[in-house]
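Remarks on the structure that follows.
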Amino acid sequence: MTISLPDLLLYCGALLILFLTPGPVWLAIMARALSGGFSAAWPLALGVSIGDMLWPLVAVLGISWILSVFDAFMLVMRWIASGVFLVMGGLLIQHAEAKIDRDNRLTRPGTWAGFAAGLLAILGNPKAVLFYIGVLPGFFDLRAITWVDVAIIIAVSVTIPLIGNLIVAATVGKLRGLMTRPATLKRINMVAGILLICVGLIIPFV
1 MTISLPDLLL
11 YCGALLILFL
21 TPGPVWLAIM
31 ARALSGGFSA
41 AWPLALGVSI
51 GDMLWPLVAV
61 LGISWILSVF
71 DAFMLVMRWI
81 ASGVFLVMGG
91 LLIQHAEAKI
101 DRDNRLTRPG
111 TWAGFAAGLL
121 AILGNPKAVL
131 FYIGVLPGFF
141 DLRAITWVDV
151 AIIIAVSVTI
161 PLIGNLIVAA
171 TVGKLRGLMT
181 RPATLKRINM
191 VAGILLICVG
201 LIIPFV
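Residue numbers for the sequence shown follow the UniProt record's numbering, beginning at 1 and rising by one.
Here's what the structure looks like:
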């Protein structure tokens, strides 16, 4: 390993600050946790972690030109992500009065929907790759790092946001589980649906 421990710790601190900055992923995690508890939110966090693995690798390899070559692809991904969240939010509002444990349409199609939504959210967000391309050279000499260093950088880039997202999902899911009154559940579903729609509206423009 050629990267120093202090540099790695500083990078971890930057990742923590990035995680603590609310954005579309936060809204999506909270919305799915409110609608279906932790079981509905963890797949989204896992999907986000795939992007958190990809973008540092892109930055480390120094192939930022991919973004210009595939501008159209990125644009399509952002609009697909937007559509996914708009549909999910609309379904949630449409079925706001249904009991969550009885109506899985609120988070249809379950685990895969959450994973795909998380993946689309992170791949459709150019700020993610811009962060990694802008930050990594400031912490590490990318010309001198080894593949062991790359593996460590990717590992912390995935682990810190994933743990944070899972904590948010578990916390919100636990609070949701304490709310059983139909009127309360309806309000939760409405809020969750609005949050998902907000994510869908924000993604194309971030």
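The C-beta atom is built at its ideal place from N, Cα and C for all residues, glycine as well. None of the values given here were measured: they were computed from a predicted structure.
Close-in-space but distant-in-sequence residues of the same chain around residue i (CB under 6 Å, 5 per side omitted)
i	result
P161	F19, D52
V156	C12
I50	L119
V25	V48, A121
Neighbourhood of residue i by C-beta, 8 Å cutoff - its chain only, sequence neighbours within 5 removed
i	result
residue 207	Residue coverage of the chain in this structure runs from 1 to 206, which leaves residue 207 outside it and unanswerable.
L57	V150, I154
L195	L27, A28, M30, A31, L34, G89
F205	none
Continuous alpha helix (DSSP H) stretch holding residue i: start and end
i	result
M30	24-36
residue 246	Residue 246 is absent from the model: the chain starts at 1 and stops at 206.
residue 224	Limits of the chain in this structure are 1 at one end and 206 at the other, which puts residue 224 out of reach.
Backbone CA spacing between residue i and residue j [nearest angstrom]
i	j	result
L9	I29	26 Å
R176	I188	8 Å
L27	T2	37 Å
S39	L142	38 Å
L201	S82	6 Å
V87	P137	39 Å
C198	L16	24 Å
L61	Q94	45 Å
M190	A183	11 Å
Distance cut-off 6 Å: residue i Cβ against heavy atoms of the ligand SAH
i	result
T171	Inclusion of the ligand SAH in the displayed structure is not the case, the ligand content being empty and no account of it being possible.
Same chain, Cβ closer than 7 Å to residue i, five either side skipped, listed in chain order
i	result
L166	W42, A45
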